[in-house]
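**Q**
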Amino acid sequence: MEKLPARVGWHWVKQGFAVFRKQPGALMAILFSCMFVSLLSTILPVVGVLLPALLAPMFSIALLQGCADIDNGKRAMPNLLVAGFKSPMSKQLLLLGVVYVAVVGVAFLALQLLGADAIAQINENPGKLDPKMVSGLQGAAFTASLIYMGGWMLTCLAAPLIYWQKMALGKALFFSVVTVVREIKAFAVMMVSLYALCQLMGVIPLLLFGSPQLAFAAIFSIILMLIVVMHCSLYAAYRQIFGPPQTAAPATVDLNKL
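In full-length UniProt numbering, the protein residues as written are 1 to 258.
Encoded structure:
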C-alpha cells in the first residue's frame, strides 16, 4: 500500500463532517452521555481524577461505533456508551486507558518540571506575576500539550483496532504507531485542519454576540461539536486504511498493507 498524500487528511475531515451531518443530534447525545459519566466518575475519592483518562477508550469506541452505525444506515443510539464495556475486548480497552493515564501523567510531570517556578508564584501571589514567569509557564504548557497530543495521535487507532479487529493491546499499539508514523502527513493535516477550524469558528461568536456569556456558550458548543467531528474524521481515516469495520465478524488486518 502506497503512502497516502497529505491532502487525504483534509478529505478525512470533510468525510467526518459528512457523517456528522447525517445524525448530529444522535452523536452529540452520545458525547453528552460520555461527559456525564466522566463528570460523575470524578466524585469518587482518590481514583476519581484518573477515571476520565482511564475510560477514554470506552468513550472513543462509543462515538466511533456511532459513526459506523450511521455509515451503515442505522440510528446511532446513546446506549452505545456501554458498547466498549460489553465487548469481549473490554479488558484490553481498559488497559489502553492505563496507557492514556500514563501519557497524561507524563504531560503533567513535564508541566510541573518546566513551569515549577511560575506555578509556585501563582500559588503564593496570584495578583503579581512576573512576565518572564508567565512566558515560562506558557512554554511549559505548550510542551505538555505537545506531549499529550503526540501521545494521543500515535495511539488514536489503538482503540478501534482492539474493538473491531480484536487485537491485544500490544499489537494494537504497534499497528497504531506504525500506521500513524507511515501516514504522518495525512494525520498532521487532519489535526491542523481541525485546530484551524476550531480557531476560526471560535472567533465568529465573539463577533456576533455582545454578551461574553453568550459568546462563551457558543464557543463551548463549537468545541463539543468539533470533538465529535474529530472522532468522525478518525473513523474516516480508519475506514480508508483498514477498511469498513465489521462488528459481527471482525476482519483481520492484512500485514502486507502496512
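Note that beta-carbon positions come from the ideal geometry of N, C-alpha and C, so glycine has one too.
1. So Arg239 is in the alpha helix (DSSP H); what residue range does that whole segment cover?
2. Within 8 angstroms (strictly less), CB to CB, does Ala186 reach chain B?
3. Where does Thr143 sit, in a helix, a strand or coil, going by DSSP?
4. Alpha carbon to alpha carbon, how far is Gln199 from Ser221? Give it in angstroms, no decimals.
5. Which of the three DSSP states, helix, strand or coil, is assigned to Ala6?
6. When the distance is taken between beta carbons, is Leu55 closer than 8 angstroms to Thr42?
7. Along the chain, where does the alpha helix (DSSP H) containing Ser82 start, and where does it finish?
8. Where does Thr155 sit, in a helix, a strand or coil, going by DSSP?
9. From the DSSP output, in three-state form, read off Ile61 for me.
10. For Pro160, count neighbouring C-beta atoms within 10 Å of its own C-beta (all shown protein chains included) and say buried if the count is 16 or more, exposed if not.
11. Which residue wins for smallest C-alpha separation from Gly246, given the options Gly48, Asn72, Leu63 and Gly202?
12. Going by beta-carbon coordinates alone, are Gly84 and Leu27 separated by less than 8 angstroms?
13. Got a sec, what are the start and stop residues for the alpha helix (DSSP H) Pro52 sits in?
14. Which residue wins for smallest C-alpha separation from Leu63, given the options Ala102, Thr179 and Ile227?
15. Kindly list the residues whose CB is nearer than 7 angstroms to the CB of Asn256, restricted to its own chain and excluding five residues on each side of it in sequence; keep chain order.
16. Look up Lys185 in the DSSP assignment and say whether it is helix, strand or coil.
17. Does the stretch 98–116 come close enough to the stretch 136–153 that 3 or more CB-CB pairs lie under 8 angstroms?
18. Residues in its own chain within less than 8 angstroms of Trp10 by CB, not counting five upstream and five downstream?
19. Rounding to the nearest angstrom, what Cα-Cα distance links Gln23 and Asn79 in this structure?
20. DSSP three-state call for Arg21: helix, strand or coil?
21. How would you label Leu206, buried or exposed, when you count the other beta carbons within 10 angstroms and need 16 or more for buried?
22. How is Ile43 classed by DSSP in three states: helix, strand or coil?
**A** In terms of the structure at hand:
1. Pro212 to Phe242
2. No chain B is part of this structure, which consists of one protein chain only.
3. helix
4. 13 angstroms
5. coil
6. no
7. For clarity, residue 82 is Val in the given sequence; the question names Ser instead. Segment: none, Val82 is in no alpha helix (DSSP H) and carries neither H nor E.
8. helix
9. helix
10. buried
11. First, the residue type needs correcting, since residue 246 is Gln and not Gly in the sequence shown. Of Gly48, Asn72, Leu63 and Gly202, the residue nearest in Cα terms is Asn72.
12. no
13. Leu51 to Leu54
14. Ile227
15. Below a pLDDT of 50, predicted positions are generally treated as unreliable, and Asn256, at 49, falls in that range; the measurement from the model is reported next regardless. So no residue of the chain qualifies.
16. helix
17. yes
18. Val189, Met190 and Ser193
19. 15 angstroms
20. helix
21. exposed
22. coil
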